[in-house]
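First comes the structure, then the notes that go with it.
Residue numbers (the numbering used here): 106 to 205.
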């Protein structure tokens, strides 16, 4: 399936996925399930491989889930990035490839 690959990281019962990956740099769909009770927002940070934060968003948690579409607007150059989601005291990290 073209552009349909998904990355998945699990910690405990929570599940983090994002797609499409590889990505063309326009939109990134992110979902996180089973967010622990009491966590109202999650932070989504994108870092380049030098460790510089190149994008940051705060997303509201609804009923223990996060599902959002991040508009990347072509701001990221082609290459590898790390997407880091922080939900309370838990952190999820996945690699993201932006195709030029």
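Glycine included, every Cβ here is placed at the ideal spot set by N, Cα and C.
Keep in mind it's a predicted model, so treat the numbers as computed, not measured.
According to DSSP, residues forming a beta bridge with residue i
i: residue 133; result: 175
i: residue 181; result: DSSP lists no partner for residue 181.
Coil, strand or helix - residue i by DSSP
i: residue 141; result: coil
i: residue 202; result: strand
i: residue 155; result: coil
i: residue 128; result: strand
i: residue 161; result: strand
i: residue 257; result: Residue 257 is absent from the model: the chain starts at 106 and stops at 205.
i: residue 194; result: coil
Whole-angstrom distance between residue j and residue i, CA atom to CA atom
i: residue 201; j: residue 142; result: 28 angstroms
i: residue 149; j: residue 168; result: 18 angstroms
i: residue 203; j: residue 176; result: 13 angstroms
i: residue 172; j: residue 157; result: 25 angstroms
i: residue 161; j: residue 191; result: 11 angstroms
Pick from the options that is closest to residue i, judged by C-alpha positions
i: residue 174; options: 188, 195 and 132; result: 132
i: residue 194; options: 145, 124, 135 and 123; result: 145
i: residue 188; options: 164, 139, 152 and 172; result: 152
i: residue 166; options: 154, 158 and 137; result: 137
i: residue 122; options: 171, 135, 163 and 184; result: 135
i: residue 128; options: 147, 196 and 185; result: 185
Cβ-based burial, residue i [other Cβ within 10 Å; buried from 16]
i: residue 119; result: buried
i: residue 178; result: exposed
i: residue 205; result: exposed
i: residue 154; result: exposed
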